[in-house]
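Report on the following structure.
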Amino acid sequence: LLITDTAGCSDQINFFVDNSTGPVINVAVTNPICSNQCSGSAIVTPSGGTAPYNILWIEPGIAGNSISNLCVGSYTVEVVDSNGCVSTSNVSITAPVALNDSLSVGPATCGACDGTATVIATGLAPITYQWSAAAGSALTPSATALCAGLYSVIVTDGNGCKDTLVDLVPNVNAPSINV
Numbered sequence: 041l042l043i044t045d046t047a048g049c050s051d052q053i054n055f056f057v058d059n060s061t062g063p064v065i066n067v068a069v070t071n072p073i074c075s076n077q078c079s080g081s082a083i084v085t086p087s088g089g090t091a092p093y094n095i096l097w098i099e100p101g102i103a104g105n106s107i108s109n110l111c112v113g114s115y116t117v118e119v120v121d122s123n124g125c126v127s128t129s130n131v132s133i134t135a136p137v138a139l140n141d142s143l144s145v146g147p148a149t150c151g152a153c154d155g156t157a158t159v160i161a162t163g164l165a166p167i168t169y170q171w172s173a174a175a176g177s178a179l180t181p182s183a184t185a186l187c188a189g190l191y192s193v194i195v196t197d198g199n200g201c202k203d204t205l206v207d208l209v210p211n212v213n214a215p216s217i218n219v
């Protein structure tokens, strides 16, 4: 740059304008397999800017290019290159289709083994069922011909996520004795 004042005096100044951009944040995300687990992870691979890079995950305050045991949510990563240029990025850990299930029972009557238990489940197919031995180890959503008592079923979705449901099949209309 050449500067000249009104008296004709001039001075030349040389300077460099850095036209480089800050680092670019590339993120590889692994989401949890089951919606109730904190098993997500993210790996940052910066590019652009000027290496080396400092990488900081704002929450939970961990330095480094990878972070694991993440629950569903949003996380912010900051990358600073050797020129002090800063880039930030939000990383989303998303939940898979959740396994939702419930167990309803029908009573056994008058001491007979005619009770029922039925699972209603939604989630990633295929959904499988494993009833307790007391329910005949059935592999279907319903167990029938149940005597009064406690029954359990393990429900598993297509991701391998499991939920155990337990309920009591009551005995109704049993005779009563008055003495």
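Going by this note's numbering, the first residue of the sequence shown is number 41, and it counts up by one from there.
C-beta atoms are modelled at their ideal positions from N, C-alpha and C, and glycine is treated no differently.
#1: Can you list, in chain order, the residues of its chain with a C-beta nearer than 7 Å to that of A185? Leave out the 5 residues immediately preceding and following it.
#2: Once you ignore the five residues that flank N140 on each side, which residues in its own chain have a CB closer than 6 Å to its CB?
#3: With distance defined between alpha-carbon atoms, name the residue in L143, P136, L179 and I160 nearest to L190.
#4: Per DSSP, Q170 forms a beta bridge with which residues?
#5: Could you round the C-beta distance between T116 and T134 to whole angstroms and report it? I think they count as a contact, below 8 Å.
#6: State the Cα-Cα distance for the pair V209 and S182, rounded to the nearest angstrom.
#7: Confirm, please, whether the CB-CB distance from V120 to Y93 is below 8 Å.
#8: On the CB-based measure, 16 or more other CB atoms within 10 Å of its CB, does G113 come out buried or exposed?
#9: Short of 7 Å in beta carbon distance, which residues of its chain neighbour A188, apart from the five on each side in sequence? Order them along the chain.
#10: Just verifying my parser: in three-state terms, what is the DSSP assignment at A148?
#11: For V57, does the count of other Cβ atoms within 10 angstroms reach 16, so buried, or fall short, so exposed?
#12: If you measure from the beta carbon of A103 to each beta carbon in chain C, is any gap under 8 Å?
#13: Kindly indicate which residue of T44, D197 and V64 has the alpha-carbon position closest to the one of N130.
#14: Measure the C-alpha to C-alpha separation of V69 and N123 and round it to an integer number of angstroms.
#15: For A178, which three-state DSSP category applies?
#16: Counting C-beta neighbours from all protein chains within 10 Å, is the total for P166 16 or more, i.e. buried, or is it exposed?
Straight from the coordinates:
#1: Start at 1 with the first residue of the sequence shown, and residue 185 comes out as number 145. These residues qualify, in order along the chain: C153 and D154.
#2: Translated into positions along the sequence shown, residue 140 becomes position 100. Once the five neighbours on either side are set aside, the close Cβ partners of N140 are T162.
#3: Along the sequence shown, one-based indexing puts residue 190 at 150. With distances taken between Cα atoms, L190 lies closest to L143.
#4: Your numbering for residue 170 matches position 130 in the sequence shown. Beta-bridge pairing links Q170 to I194.
#5: Position 76 of the sequence shown holds residue 116. Position 94 of the sequence shown holds residue 134. Not quite, the Cβ-Cβ distance comes to about 16 Å (not below 8 Å), so this is no contact.
#6: As a working mapping, residue 209 is identified with position 169 in the sequence shown. As a working mapping, residue 182 is identified with position 142 in the sequence shown. When rounded, the distance between both Cα atoms is 13 Å.
#7: Position 53 of the sequence shown holds residue 93. Position 80 of the sequence shown holds residue 120. Cβ distance < 8 Å, so Y93 and V120 count as in contact.
#8: In the sequence shown, residue 113 corresponds to position 73, counting from 1. Burial call: exposed.
#9: Working through the sequence shown from its first residue, we reach residue 188 at position 148. For A188, where only same-chain residues beyond five positions count, the Cβ hits under 7 Å are A148, G155, V209, P210 and N211.
#10: Here residue 148 is taken as the residue at index 108 of the sequence shown, counted from 1. Reduced to three states, the DSSP call for A148 is strand.
#11: Within the sequence shown, residue 57 is the residue found at index 17, counting from 1. At V57, the pLDDT of 49 sits below 50, so the modelled position is not reliable; the number obtained from the coordinates is stated separately. Of the other Cβ atoms in all chains shown, fewer than 16 fall within 10 Å of the Cβ of V57; this residue is therefore exposed.
#12: Note that chain C does not occur in the displayed structure, where there is just one protein chain.
#13: The residue you call residue 130 lines up with position 90 of the sequence shown. The candidate whose alpha carbon is nearest that of N130 is V64.
#14: By 1-based counting over the sequence shown, the position of residue 69 is 29. By 1-based counting over the sequence shown, the position of residue 123 is 83. Each residue's Cα considered, the two are about 27 Å apart.
#15: As a first step, residue 178 is located in the sequence shown; it is residue number 138 there, counting from the start. A178 falls in the coil class under three-state DSSP.
#16: Counted from its first residue, the sequence shown places residue 166 at position 126. The residue is exposed, with fewer than 16 neighbouring Cβ atoms inside 10 Å.
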